[in-house]
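A.B. asks:
2 protein chains.
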Amino acid sequence: MDEKDAIAMLGALSQEMRLRIIRFLIGRGDDGASAGEIAEAMDAISSKASFHLSALERAGLITSERQSRKIIYRVSFLGLGGLLSFILNDCCSNHPDIREHCGLPNFEC
Amino acid sequence: MDEKDAIAMLGALSQEMRLRIIRFLIGRGDDGASAGEIAEAMDAISSKASFHLSALERAGLITSERQSRKIIYRVSFLGLGGLLSFILNDCCSNHPDIREHCGLPNFEC
DNA sequence: TCCATATTTCAACCTCTCTTGAAATGTTGA
DNA sequence: TCAACATTTCAAGAGAGGTTGAAATATGGA
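Following this line, the structure appears as structure tokens:
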């Protein structure tokens, strides 16, 4: 996870429907959801949902797996965790006391 | 910190120069840096730096304070922490075990 | 007051992103 | 093989974001 990857992920998350998709998929956990289910949940036409799903996948925030006719999308815990680690470590490595300002619990980075 | 605020912050961070400015200002800590110092450190013309500084300030990620002729910018620990909390709590409230996937230390959200 | 310094604002231009509907691709079951 | 289903790809248009140089604003000192 370098700066370029982080920027791609941050950019992917900074869009209303894409953030809603991520939250929806986090709620679904390991079951994930098909492109059609996601489009329906987002109240979006299929091509619009597909556009945002591929943006999220390109950024490494979700994964896809074909199951017969459907394509199942799942949140990538690895990707999302990598982004969080990147931001947290950038903070902590320079300023160990930033967590206090952030209202975050105390832990080692 | 609602979804709109988070999207604005994520969007502000998803740009190379702006992410570099944030990292630079984190390194400066409470001293902050003037617009001119930041522009020089970023190797950017003043209007470009100013454009990105106002984007970061509008998103709540930095603060500004005039000191005579100069304007001192500082990273907003409150803003950055709010964003981190938003993402972490969104994760944790739905899936308590996501931290394991994220490679993050164990703590309560 | 006048000048130099520090920074922002503005307008123009270009590029990238988002949205939409239609067409194409891939998959299953009759 | 054919029809229905599930999803993506494509092209076109609208809109948002980034870069630049010039002009405007604000401050401090001679």
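Top line first, the protein sequences correspond to chains Y and V.
First residue of the first sequence: 83, per my numbering; consecutive thereafter.
First residue of the second sequence: 83, per my numbering; consecutive thereafter.
All C-beta atoms in this analysis are idealised placements derived from N, C-alpha and C, irrespective of residue type, glycine included.
Using the three-state DSSP reduction, which class does Y/A126 fall into: helix, strand or coil?
C.D. replies: The answer is coil: DSSP assigns Y/A126 none of H, G, I, E or B.
A.B. asks: Distance, Cα to Cα, Y/I144 vs V/E147?
C.D. replies: Taking the straight line from one Cα to the other gives about 40 Å.
A.B. asks: What alpha helix (DSSP H) runs, 4 residues minimum, are completely inside the stretch 97–150 of chain V?
C.D. replies: Runs of the alpha helix (DSSP H) inside the stretch 97–150 of chain V: 98–110, 117–124 and 128–140.
A.B. asks: List, in chain order, every chain Y residue whose beta-carbon is nearer than 9 Å to that of V/C174.
C.D. replies: The premise fails here: V/C174 is roughly 10 Å from chain Y at the closest Cβ pair, so nothing lies under 9 Å.
A.B. asks: Report all residues from its chain with a CB closer than 8 Å to the CB of Y/I127; omit the five preceding and five following residues, and keep chain order.
C.D. replies: Excluding sequence neighbours, Y/I127 sits near A121.
A.B. asks: Which same chain residues end up closer than 6 Å to V/L95 when comparing Cβ atoms and leaving out the 5 residues on each side of it in sequence?
C.D. replies: The answer, listed in chain order, is L101.
A.B. asks: Given that a residue counts as buried once 16 or more other Cβ atoms are within 10 Å of its Cβ, and exposed if not, what is Y/D172?
C.D. replies: Under this definition Y/D172 is a buried residue.
A.B. asks: Leaving out the 5 sequence neighbours to the left and right, which residues in its chain are closer than 6 Å to Y/A90 when beta-carbon positions are compared?
C.D. replies: Excluding residues within five positions, the ones whose Cβ falls inside 6 Å are A141.
A.B. asks: Suppose contacts are defined by Cβ-Cβ distances below 8 Å. Is Y/Y155 in contact with Y/G114 by that definition?
C.D. replies: Yes; because the gap between Cβ atoms is below 8 Å, this pair is in contact.
A.B. asks: For Y/D87, report the span of its alpha helix (DSSP H) as first-last.
C.D. replies: Where Y/D87 is concerned, the enclosing alpha helix (DSSP H) stretches over E85 to L95.
A.B. asks: Whole angstroms are fine: how far does the CA of Y/M99 sit from the CA of Y/H134?
C.D. replies: Going from the Cα of Y/H134 to the Cα of Y/M99 covers about 8 Å.
A.B. asks: Mind checking if Y/S96 is an interface residue toward chain V, Cβ cutoff 8 Å exclusive?
C.D. replies: Yes, its Cβ sits closer than 8 Å to a Cβ of chain V.
A.B. asks: Would a check of beta-carbon distances place V/L166 closer than 8 Å to chain Y?
C.D. replies: For V/L166, the answer is yes, since a Cβ of chain Y falls inside 8 Å of its Cβ.
A.B. asks: Does Y/E43 come within less than 8 Å of chain V when only Cβ atoms are used?
C.D. replies: Chain Y is shown from 83 up to 191; residue 43 of chain Y falls before or after that span and cannot be answered.
A.B. asks: What do you reckon, are the CB atoms on V/A88 and V/F168 nearer than 8 Å?
C.D. replies: In contact: V/A88 and V/F168 (Cβ atoms closer than 8 Å).
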